[in-house]
Every structure is written in C-alpha cells, then in structure tokens.
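In this note's numbering, each residue carries its 1-based index in the sequence shown increased by 236.
Written below as structure tokens is the structure these notes are about.
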Amino acid sequence: MKKRIVDRVIETGIVPVIRAPSAELATLAIDAVRAGGIDVIEVTMTVPGAVPLIESLVSRYGDKVVIGAGTVLDAETARACTLAGAAFVVSPIVDEAIVASCRTYGVPVLPGALTPTEIMRAVRAGADMVKVFPCGAMGGASYIRSIKAPLPNVHLVPTGGVSEKTAGDFIRAGASAIGVGADLIDIEKLRAGDSNAVTEAARRYVAAVKAAREV
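Next up, the structure:
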C-alpha cells in the first residue's frame, strides 16, 4: 500500500498544496487541478475543517484521487488525518513522533527538511520521501542537484520557489516530485469563478514535468 502511494506520487510528479479559506474553495481547487491531469492532492491543516474535509474527499473520489494531509505539526493530527483516510502525510518539519504515527498506520510520510543533516535525520526516522522546504530560499533546483549528488537514493520533493518556469528544472535536477502552492492554485481566480485558469495551469505543469523527464 505504501509503495503504491509513493509510486503514484512519483508518477504524477506534482503535489498541489491546497491552502484555501474554505472547504468549498478547496474542493473547487481539487476539481480544477484534476481536470488538468493531476490526481495527487495535499490538503493542508490550514483549511478550515481540514480533517472532516479529507474524509469527505476520500469518500467522494475514492481511488481516482490520492488525498494527502499537509502542514501536519504533531502526531495526534497525523493520526486524525490517517483515520480520516489521508493516503499520505506531509509536515514542514522533522518530527519523529509524526513519522512513528504514520508508520503505525502504514501511511507514507514526507517530513520537511532543508539541510543534508535534516534530510538524513528524516530518512533514518523512517521517511518515505522528504519535502525539501523552503527550497527556493536555498537556490532552488541547483540546491536539489547538490543534495542528490551525495544522497542519490533519497526521494526529494522540493517545495517553495516552484513555478511553471522552474518546474522542469527541479525534475531535471533529480526531484522525484514537486510541491506547488499559490503559483498553481490561484484562489482569487477560483473565487471569481474562473476554475479553467487553474485547470490550464495544471496542464502546463503536467507538460513541463513530462518534458523534463524525457530529456
């Protein structure tokens, strides 16, 4: 089960980070990116009612969309998310208790780390993939390339500083997938009823990742 989810994240290559002021807008965002070809989603705990929202999304989409939980800061929240049906858990920090909780429930976990020491701490704790955050502040794709040289077998998911322009650079640098926030999920356009803009942006991201992998 864990390997299947990790493989699907890698296959899709893009993890939209859903930060929305309401469950309704979050659902609109998910529908929009799904229409653009992305079927892996991270719903952050900053969305109001995030845990029950995850439960309803899992019921609604089933296996058609992989729904994960993001911005998880403690083991109790990780447990609540996994019991709600979250397929994976993402945290901006390395917290061994979060990793242990996810391992207990058989759910892939992506702790957030930045330095090589933090990344290896996450791996040794049991991370399935590592969210490199905030990657843009460290040089973006060139930083991922530098990290992959001594740590070639670690699945890195850079987040922060990822855009349509840089998406392919991160993949070519060795990222297993990329985490994308506001550059893809334009909440104001969704609020204005223009979900097609988000769908088209998703399509461009999918094309960028595909092109980078073909090089």
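A virtual CB, placed ideally from N, CA and C, is assigned to each residue, including glycine.
The structure presented is a predicted model; accordingly, all values stated were derived computationally and were not measured.
Check: Helix, strand or coil for L309, going by three-state DSSP, please let me know.; Outcome: coil
Check: If you count every other CB in all the chains shown that lies within 10 Å of the CB of T282, and 16 or more means buried, which is it?; Outcome: exposed
Check: How close, in whole Å, do the beta carbons of V445 and V269 come, if the pair is a contact with beta carbons under 8 Å?; Outcome: Not confirmed; about 13 Å, so no contact.
Check: Across which residues does DSSP place K367 in a beta bridge pair?; Outcome: G348, V393
Check: Can you name the residues that DSSP bridges to G429?; Outcome: Paired residues: none, contrary to the question.
Check: If you check the beta carbons only, do V245 and V251 fall under 9 Å apart?; Outcome: yes
Check: Please classify I414: does DSSP put it in a helix, a strand, or coil?; Outcome: strand
Check: Considering only C-alpha positions, which residue in the set A413, L426, K425 is nearest to V242?; Outcome: A413
Check: Tell me which same chain residues have a C-beta within less than 7 Å of the C-beta of A314, skipping the five on either side of it?; Outcome: V308, V325, I334, S337, C338
Check: Pull up the distance between the alpha-carbon of V398 and that of C371, whole angstroms please.; Outcome: 8 Å
Check: I need the DSSP call for T280, collapsed to helix, strand or coil.; Outcome: strand
Check: Taking the alpha carbon of A265 as the reference point, which residue from A411, R440, G417 has its own alpha carbon closest?; Outcome: G417
Check: Measure the alpha-carbon distance for I303 versus L293 and round it to whole angstroms.; Outcome: 7 Å
Check: Straight-line CA distance for A437 to D275?; Outcome: 14 Å
Check: Can you give me the C-alpha to C-alpha distance between A316 and V366, rounded to a whole angstrom?; Outcome: 21 Å
Check: Buried or exposed: which applies to R240, given that a residue is buried once 16 or more other Cβ atoms fall within 10 Å of its Cβ?; Outcome: exposed
Check: Looking at the structure shown, is G304 part of a helix, part of a strand, or coil, going by DSSP?; Outcome: strand
Check: What does DSSP give as the partner residue(s) for I250 in the beta ladder?; Outcome: I414
Check: What's the gap between the Cα of E354 and the Cα of V330?; Outcome: 7 Å
Check: Let's test the definition: count the other Cβ atoms within 10 Å of the Cβ of T280 and tell me whether it reaches 16, buried, or not, exposed.; Outcome: buried
Check: Under 9 Å between the Cβ atoms of K384 and V393?; Outcome: no
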